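Going by this note's numbering, the sequence shown opens with residue 35, and the numbers climb by one from there.
Cβ atoms here follow ideal geometry from the backbone N, Cα and C, with glycine treated the same way.
The structure presented is a predicted model; accordingly, all values stated were derived computationally and were not measured.
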Amino acid sequence: MDPGGLAIADVPRRAPGRGHDSVRGGVPQEFHSGGVSPLPGAANRPARHGGQPVAARDAGPCAGSTMTIRRKIPPRFDAGFTLLEVMLAVAILAIVLVMLSQSFHAVAMSKVQGENSLALDREGRGIIWRLSDEFRNAVQTPIYPSDVMLVGTAQMQNDIPIDSVTLSTFGAGHQRALVGFGAEQLVAYTTSPNPSHPGWFVLTRSQMSALLTGAAVAPTPPPALIVADNVVSLHLRYFNGTQWVESWNSTQMPRNQQLPLAVSINLELADAEGHVRDFATEVDVPMAQPLW
Numbered sequence: 035m036d037p038g039g040l041a042i043a044d045v046p047r048r049a050p051g052r053g054h055d056s057v058r059g060g061v062p063q064e065f066h067s068g069g070v071s072p073l074p075g076a077a078n079r080p081a082r083h084g085g086q087p088v089a090a091r092d093a094g095p096c097a098g099s100t101m102t103i104r105r106k107i108p109p110r111f112d113a114g115f116t117l118l119e120v121m122l123a124v125a126i127l128a129i130v131l132v133m134l135s136q137s138f139h140a141v142a143m144s145k146v147q148g149e150n151s152l153a154l155d156r157e158g159r160g161i162i163w164r165l166s167d168e169f170r171n172a173v174q175t176p177i178y179p180s181d182v183m184l185v186g187t188a189q190m191q192n193d194i195p196i197d198s199v200t201l202s203t204f205g206a207g208h209q210r211a212l213v214g215f216g217a218e219q220l221v222a223y224t225t226s227p228n229p230s231h232p233g234w235f236v237l238t239r240s241q242m243s244a245l246l247t248g249a250a251v252a253p254t255p256p257p258a259l260i261v262a263d264n265v266v267s268l269h270l271r272y273f274n275g276t277q278w279v280e281s282w283n284s285t286q287m288p289r290n291q292q293l294p295l296a297v298s299i300n301l302e303l304a305d306a307e308g309h310v311r312d313f314a315t316e317v318d319v320p321m322a323q324p325l326w
């Protein structure tokens, strides 16, 4: 095998007893595709070393032998990716995955914030609706005697209004009789600091029958129910016909003027992330007019 990767086979050897040189002088030949052919006129060339002509000498057992050249061709492999291309593809894939992750995170956070906002809005509207309904149905009936009770106490904690109120009302959630109002109910709203979250307050509500307030033995009030534990402030104001006042006490008012004409309610609630939302309304008190 030659250094260029060529394999040479089927080379005719010198016949035994012909010539004495150790290395045979090659006959000039020209190579062409498919092997080696003798030069023209080789048959007329004189013999060397007293032998026969070249054509006759080379004829014999090896006549017609040709030189075959085989080239070793390295196996072909399919084209692949270089290390740089692989690293670039991985980097692009990582960037796309990070962008998708951030998008999913933003969508999830938006969903959570939206749900928290809706829950806080529903809670605040429910409390405002209940307070408005009970203030609107505060009891004061001059024709039919009733226990008029509306005591609103103004309180401040850390310069934040945290008020409480107790009132006798018809609108305590029970069904009224077909011919008139049902029995009065004494409802009280109180606030206290939230021990598990500084800065928040717990709003509780208690309810009992107002028909037993004059009994010899005072009934045991039922346990208060927690309305909300994320109250930031509760500000109640009362309109007496000329101005808004911060507190009200019906026991100190003249008869038939024991109820305010309107009540202003301002409630602030906070969600789990600390966002504060304000709920406010004004309620007319129909029975404050001496028409009943």
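Do residue i and residue j have their C-beta atoms within less than 8 Å of each other?
i              : j             : result
arginine 311   : glycine 158   : yes
methionine 321 : leucine 293   : yes
alanine 258    : leucine 220   : no
histidine 309  : aspartate 197 : no
isoleucine 161 : alanine 262   : yes
Within its chain, find whatever has a CB closer than 8 Å to the CB of residue i; leave out the 5 residues flanking it on each side and keep chain order.
i              : result
isoleucine 194 : Val266 and Ser267
glutamine 189  : Pro195, Ile196, Asp197, Ser198 and Thr225
glycine 275    : Leu295
threonine 187  : Asp197, Ser198, Val199 and Ser281
isoleucine 126 : none
Look at the alpha carbon of residue i and the alpha carbon of residue j, and state the distance between them as a whole number of angstroms.
i                 : j                 : result
serine 226        : leucine 237       : 7 Å
serine 144        : arginine 156      : 18 Å
serine 135        : alanine 128       : 10 Å
tryptophan 278    : isoleucine 299    : 12 Å
histidine 208     : glutamate 218     : With a pLDDT of 47 at histidine 208, under the threshold of 50, the predicted position of this residue should be treated as unreliable, though the coordinate-derived value follows. Approximately 10 Å, taken between the alpha carbons.
alanine 206       : glutamine 286     : Residue confidence is low: alanine 206 scores 48 on pLDDT, short of 50, so the model does not pin down where it sits. No coordinate-derived value is stated.
threonine 200     : methionine 183    : 7 Å
threonine 203     : alanine 222       : 10 Å
phenylalanine 235 : glutamine 241     : 20 Å
serine 230        : valine 317        : 33 Å
isoleucine 260    : glutamine 291     : 32 Å
leucine 131       : leucine 118       : 20 Å
asparagine 327    : phenylalanine 273 : Given a span of 35 to 326 for the chain in the structure shown, any question on residue 327 remains unanswerable.
phenylalanine 115 : alanine 142       : 38 Å
glycine 233       : valine 319        : 32 Å
aspartate 181     : valine 146        : 47 Å
alanine 140       : methionine 133    : 11 Å
glutamine 26      : proline 256       : Any question about residue 26 goes unanswered here, given that the chain covers just 35 to 326.
leucine 165       : asparagine 264    : 17 Å
glutamine 323     : threonine 175     : 10 Å
asparagine 228    : arginine 239      : 15 Å
Assuming residue i contacts residue j (C-beta within less than 8 Å), just tell me the rounded distance between them.
i              : j                 : result
leucine 154    : aspartate 305     : 5 Å
glutamate 280  : arginine 289      : The Cβ separation is near 23 Å, so there is no contact.
valine 185     : asparagine 283    : 5 Å
valine 297     : phenylalanine 138 : Valine 297 to phenylalanine 138, Cβ: 47 Å. No contact.
asparagine 150 : glutamate 302     : Incorrect: roughly 16 Å between the Cβ atoms, too far for contact.
In its own chain, which residues sit with a C-beta less than 6 Å from the C-beta of residue i, not counting the 5 before and 5 after it?
i           : result
alanine 314 : Asn300
valine 251  : Unreliable placement is indicated for valine 251, whose pLDDT of 48 sits below 50; no coordinate value is reported for it.
Is there a Cβ from chain C that is less than 8 Å from the Cβ of residue i?
i              : result
tryptophan 282 : Looking at the structure shown, chain C is missing, and only one protein chain is on hand.
(request) For the stretch 144–213, list the beta strand (DSSP E) runs that are entirely contained and at least 3 residues long, ordered along the chain. (result) 184–187 and 198–203
(request) Taking only runs that begin and end inside the stretch 256–282, name each unbroken alpha helix (DSSP H) of 4 or more residues, in chain order. (result) none
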